[in-house]
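Asker:
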Amino acid sequence: MSLWKETLRRLAYLGRRSRFDADLDTEVEFHIETRADELARAGMPRPTALAQARREFGSPARMAEETRSAWQFRWLEDLAADLHYAARAFRRNPAFAATAIACLALGIGANTTIFSIAAEVLFSQPSVRDPYSLVRVDIGGNSASPVREYEFLRDAHTFPGLAGENEEMETNWRDSDNTYRLSVVRVTDNFFDVTGIPVALGRPIQPGDSDRVVLTYGFWQRRLGGAPDVIGRKLLLDGRIDTVSAVLPRDHRTVTGFGFSPDLYAPVTDPKTYVTLYARLEPGTTRLAALSRLKPACQELDRAYPDGNHKWANNLHVSAVSGIERIDTEHELMRPVAGFFAVLMVVVGLVLLIACANVASLLLARASSRSHELAVRLSIGAGRGRIVRQLLAESLLLSACGTGAGLAINIGLTTLLSRIQLPLPIPIQFLIQPDWRLLAYAAAVALVCSLAASLAPAVKGTGVGISAMLKHGEHQLGRHVWTLRNVLVVGQLAASIVLLCAGFLFLRNLVNASAMSPGFDIEHTVWAYMRLVPESYRDPAKTRGLVDAAVERLRSLPGVETAAIARVVPLNNNMRRGTEVSTDLNSRGLHVEFHINYVGPGYFQAMQIPIVTGREFLPADRKGAPRVAILNQNLARRVFGAVDPARHFVRFGQGETILVAGVAKNSKYFSLGEENALAYYEPYDQSPGPVADLHFLVRATGRPEPLIPGINTSLGQLDPTASLEIKPMSKALVFAMLPSRVGAAILGSMGMLGLLLASVGLYGVLLYSVSRRIREIGLRVALGATPAGILRLVLRQSAVLSAAGIGIGMALAVFAVRPLARFLSPEVRPADLMNFVVVGAVLAAVALAATLSPAVRALRVDPVEALRHE
Amino acid sequence: MAKHERYQNRIELLQGTLDMLILQTLSWGAQHGYGIGQAIRAGSGDVLQVETGSLYPALHRLEKQGWIKSEWRNSEHNQRAKYYQLTAAGKKQLTSEYSRWSRMSAAIAGLMNPGESEGQA
Amino acid sequence: MGERTIPELLPGTLYMLILRTLSGGPLHGYAIAKRVKETSHQGLVIEDGSLYPALNRMLVKGWLEAEWGISENHRKARFYRLTPEGRKQLDHEAEEFDRLVRAIQLVMRTA
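Residue numbers (the numbering used here), protein chains in the order written: chain A, 1211 to 2080; chain B, 56 to 176; chain C, 2 to 112.
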């Protein structure tokens, strides 16, 4: 109660500080004058009396300071004083401070960087007006709907605003004599209205616009040189002239999210486009309410446009566009990504703990070497609490500096990451900016670190009794193996074992993945991706003609063994189908899901995928000819059992019968880690619909790189308005390899970091122990101990600590690495004994290295000096 | 002068008074640190409890100033302990400290209870 | 080391002395110091530099209240007055002090 009143009084003081100073001056003046009066009454002349009175009073400034401090909040003053003291102490002992701050900087830097990336990838908001009232609408169980259906729903005014977009589209941009393939988001004309996406220059696409485009900042800078006169500029896209009407801001984030970063936004031109629907809800409408409005509207839609068995009113989904909620509803791809980030956060959390343990250990060492000073302070009446506060202030200062340095590392790394363009088929670029969430997180981390690092030393340090102070001068023979510092080191070593096991697993995974054969040849293959302007190739016959001409040209190039066309490039693209299949041997339908590809003659030879039985596709397998197919071994076995499928027939649902021409050897289709995938091939010529994306696969007799210019020219001549991207197949594998590379890089480096920090901790403890036992060592040497004996002394302590750390670490690692299995390919098993053996050996080796310097120090002890040592 | 914000329930003795009490205790004979603390406590009727954190630094200080000296002996339980004893200079210091303290406490008492010696207000 | 010429207060008794002095009625700072000096016949002197900090601390704790008034020599001065909490504190400190002094006397008189 009185404390409360006191606080109120102090607060009141804050309000009248300036008045206070003036009042105090008046009071002091009065005091001095009154004294002077007395002296004057006793006979002293007035001026002398005044001077004397002032002298007697003493320094008014200091007194004013003290008086003021009576009113100020003590803890604030104390904290400031403590921090000042701590700063001075660190200046006197820079090595200690530098080590502690460096450890924290690394730990906090890693931690905050992963946090930043996770926040951006998983939780970022799209750059729209009021993201919480914008939702994504999926109808009929599809993620996108045709434009016709979209217009129906839009005109039914189910929601205040409904727009659509397709982010998977591309367009050929013809700029003087060059054609570039751009990533474009096709949007309905009301898209910018409904979403409220802000622009930096110009005005966005508006209802009624059909030829205006909005550029992204990146495209404007990279491809147009950031030209200031960009608004109104004309671009030739897919044979149409479009006008640039706006440029998006630099920090634009798409509604698709996850760092997706297209080149530009353009209106939908083809009515057969599928668009993903986004709806603007009235403020306060829940997603559930929106769902209930959607159903009747879709039922109307089904009545207006009946489509066989498919009903738009089934499988309705309304999902959020921002934040965590998005993860649940996005592609299954994102769940493992979220899981991976969870693993990363745990990993960097461990690294941070190891770093904190180092700081705690350093503080402990300092506390015990200052035990004398602390004992004296305790004896002259400094409360234990006060000293604990001092130690806390020290570790707070260390944490603050460490956090500052860590944030610098974070900003450095994230800026670097923001510049990288990942080599993926879809353009992804992360826009990682430091924001208030990062600062809040960093502050929380710093606070936790500082408490964690200082608690043990503070409690221990002030528990220093007089006995310790007295013993300070005496030699310590105690076999105190399990002191707090030693326990900390063992903990650090154990934690780094866990980290190393994880890192090692991912490294093995990478090696495994690199060595993994995709089942087709990548050493000699070139992949040429030619995208035609769709409007020019509405007639499938025209496309087929071009394809035939292209393949012929490619085959005639020098150094080319063979070439073929394919619809899908393995490990980069994917088409799947799930359906009922029956055969001429078994009319009962079997449900299968398989990868499907449409390939031209020579494909299997170009990719060096052996045909196990039967034959490849031939030029005779054209449109109009009887339908044929090739199965892979898995599919053949699934559908036909042990029977050789060649020359038998398959049938999908109630469709035509299709002759099985042959069986291809199993290979990888979408990811290197997949197992037992089923695959199905049909001839390219017999594929449905015109496609503008042509993938040519060229096999070289020698190395593939020299062929590239020739291919470029050759295909370019066929149609200059087509965009070309040509690269050796080995480069194309980057996408497939990316997860294992990223995993190995991050976890491998975290493992190394953890190991480094733990070894610094071990080194520190050993060195400290040696320095504390200098007298003992000197005594032993004087009594005849050999260098080997001294060495054994040091090594034994190191061995005990390392063994304990390794033992505990292994026990923990066995459990800890199990959940990692889902990120690794099946051949890499987390429980493999080999992993633990290697990791244990690595740690033992590093521990030995850390022991080296303290051992040398011990050996160098001069017995005479040592016995005088206090 | 040392600042004490408030009295605590356990009275803590500060430098001057503690010195005097130690010297007084040793004037009855040599004693080790633990014994000195005990003697002060007992002698004051359990009011004055000396913390080891204060006692030993005080002993250290008094020894440095030459008012007490120490030597290692076997205690009553046959353990090795450091025994302190008063020096001649210490005896003189004790007298002067006590007289100073007496004057001081008398003055304070006088102020606190002005009935006896107080003149006009 | 010998006698000190200027007597100092026993540590920790400053508050108690000020409280006692004010128990007779409000005074300004200078008067408090003067009263202490006179009543103890020069035995106890409060240093000017410690007086006002102590008074302010006691104000913060609520043992005293202060207000401006006119001194006997017709100048503007700040007068301090005991609060009820202050009186309680005075009693408490006086009691503790007595206890302490008795205890020390006990030790010092024992033969």
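All residues carry an ideal CB built from backbone N, CA and C; glycine is no exception.
Nothing here was measured: the structure is a model prediction, and the numbers come from that model.
Please state whether DSSP places I1819 of chain A in a helix, a strand or coil.
Answerer: coil
Asker: Give the interface partners of V102 of chain C over in chain B, defined as CB-CB distance under 9 Å, in chain order.
Answerer: S160, I163 and A164
Asker: Within the same chain, show all residues whose beta-carbon is closer than 7 Å to that of R82 of chain C, passing over the 5 residues directly before and after it, in chain order.
Answerer: L23, P27, L65 and E66
Asker: Let's test the definition: count the other Cβ atoms within 10 Å of the Cβ of Q1600 of chain A and tell me whether it reaches 16, buried, or not, exposed.
Answerer: Counting Cβ neighbours within 10 Å, Q1600 of chain A comes out buried, since at least 16 surround it.
Asker: List the residues of chain B whose Cβ lies closer than 7 Å to the Cβ of A95 of chain C, in chain order.
Answerer: M167
Asker: So what does DSSP say about S1706 of chain A, is it helix, strand or coil?
Answerer: helix
Asker: Residues in the segment 18-44 of chain C with C-beta within 7 Å of chain B's C-beta atoms, listed in sequence order?
Answerer: L18, R21, G25, V37, T40, S41 and G44
Asker: Closer than 9 Å, CB to CB, is D1231 of chain A near chain C or not?
Answerer: No Cβ of chain C is located within less than 9 Å of the beta carbon of D1231 of chain A.
Asker: Quick check for students: name the residue ranges of the alpha helix (DSSP H) that lie wholly in the segment 1926-1986 of chain A, counting only runs of 4 or more.
Answerer: 1939-1942 and 1944-1982
Asker: Which residues, in chain order, does the segment 98-127 of chain B contribute to contact with chain C at a C-beta distance below 7 Å?
Answerer: G98, S99, G100, V102 and L103
Asker: What is the DSSP secondary structure of F1283 of chain A, counted as helix, strand or coil?
Answerer: F1283 of chain A: coil per DSSP, three-state reduction.
Asker: Can you check DSSP and say which residues form a bridge with N1388 of chain A?
Answerer: A:D1385
Asker: Starting from the beta carbon of T14 of chain C, find every residue of chain B whose beta carbon is closer than 7 Å, and list them in chain order.
Answerer: Here the neighbours are I163.
Asker: Taking any Cβ of chain C, which residues in the segment 76-96 of chain B have a Cβ under 7 Å from it, in chain order?
Answerer: So the list reads L76, Q79 and I95, given in the order they occur along the chain.
Asker: Could you work out which residues of chain C lie near Y153 of chain B, taking near to mean beta carbons separated by less than 9 Å?
Answerer: Residues of chain C whose Cβ lies closer than 9 Å to the Cβ of Y153 of chain B are, in chain order, M109.
Asker: Measure from the C-beta of D1247 of chain A to each C-beta in chain C and report whether the shortest distance is under 9 Å.
Answerer: It does; some Cβ of chain C falls within 9 Å.
Asker: Considering Cα atoms alone, identify which of A:G1494, A:G1351 and A:V1778 is closest to N1807 of chain A.
Answerer: Measuring from the Cα of N1807 of chain A, the nearest candidate turns out to be A:V1778.
Asker: Mind pulling the chain A residues with CB within less than 8 Å of G63 of chain C?
Answerer: S1212, K1215, E1216 and R1219
Asker: Give me whichever residues DSSP pairs with W1214 of chain A in a beta bridge.
Answerer: Answer is none; W1214 of chain A lacks a bridge partner.
Asker: Would you say T150 of chain B reaches chain F, if we count a Cβ-Cβ gap shorter than 9 Å as a contact?
Answerer: Considering every chain present, this structure includes no chain F. Its protein chains are A, B and C.
Asker: Which residues in the same chain have their Cβ closer than 7 Å to the Cβ of L1680 of chain A, if we skip the five residues on either side of it in sequence?
Answerer: Because the pLDDT at L1680 of chain A is just 40, under 50, the model does not fix this residue reliably, and the value given afterwards should be weighed accordingly. Only residues of its own chain outside the window of five on either side were considered, and among them none has a CB closer than 7 Å to the CB of L1680 of chain A.
Asker: Count the other CB atoms, across all protein chains shown, that sit within 10 Å of the CB of V1838 of chain A; report buried if there are 16 or more and exposed otherwise.
Answerer: buried
Asker: According to DSSP, is G1872 of chain A helix, strand or coil?
Answerer: DSSP places G1872 of chain A in the strand class (E or B) of the three-state scheme.
Asker: Is M1254 of chain A helix, strand or coil when you go by DSSP?
Answerer: coil
Asker: Residue range of the alpha helix (DSSP H) that V46 of chain C falls in?
Answerer: Neither: V46 of chain C is in no alpha helix (DSSP H) and is coded neither H nor E.
Asker: Please confirm if the segment 1378-1390 of chain A is in contact with the segment 1918-1936 of chain A, defined as three or more CB-CB distances below 8 Å between the two stretches.
Answerer: yes
Asker: Among the candidates A:L1882, A:E1375 and A:D1385, whose CA atom is the shortest distance from the CA of G1729 of chain A?
Answerer: Nearest option by C-alpha distance: A:L1882.
Asker: If you draw a straight line from the C-alpha of M75 of chain B to the C-alpha of Q106 of chain C, how long is it?
Answerer: Distance between the alpha carbons of M75 of chain B and Q106 of chain C is about 11 Å.
Asker: On the DSSP letters alone, give me the boundaries of the alpha helix (DSSP H) that A1500 of chain A sits inside.
Answerer: R1497 to A1514
Asker: On the DSSP bridge assignment, give the partners of P1356 of chain A in chain order.
Answerer: A:Y1484
Asker: Is the separation between the beta-carbon of E1248 of chain A and that of A1261 of chain A shorter than 9 Å?
Answerer: no
Asker: Sort A:I1349, A:S1269, A:I1564 and A:L1511 by Cα distance to L1965 of chain A and report the nearest one.
Answerer: A:I1564
Asker: Indicate the three-state DSSP secondary structure (helix, strand or coil) for N1842 of chain A in the structure shown.
Answerer: strand
Asker: Can you give me the Cβ contacts of V37 of chain C inside the same chain, cut-off strictly under 7 Å, excluding the 5 residues immediately before and after it?
Answerer: L18, T22, L45 and I47
Asker: Please tell me whether M1254 of chain A has its Cβ less than 9 Å away from any Cβ of chain C.
Answerer: no
Asker: Excluding the 5 residues flanking R128 of chain B on each side, which residues of the same chain have their C-beta closer than 7 Å to its C-beta?
Answerer: A136 and Y138
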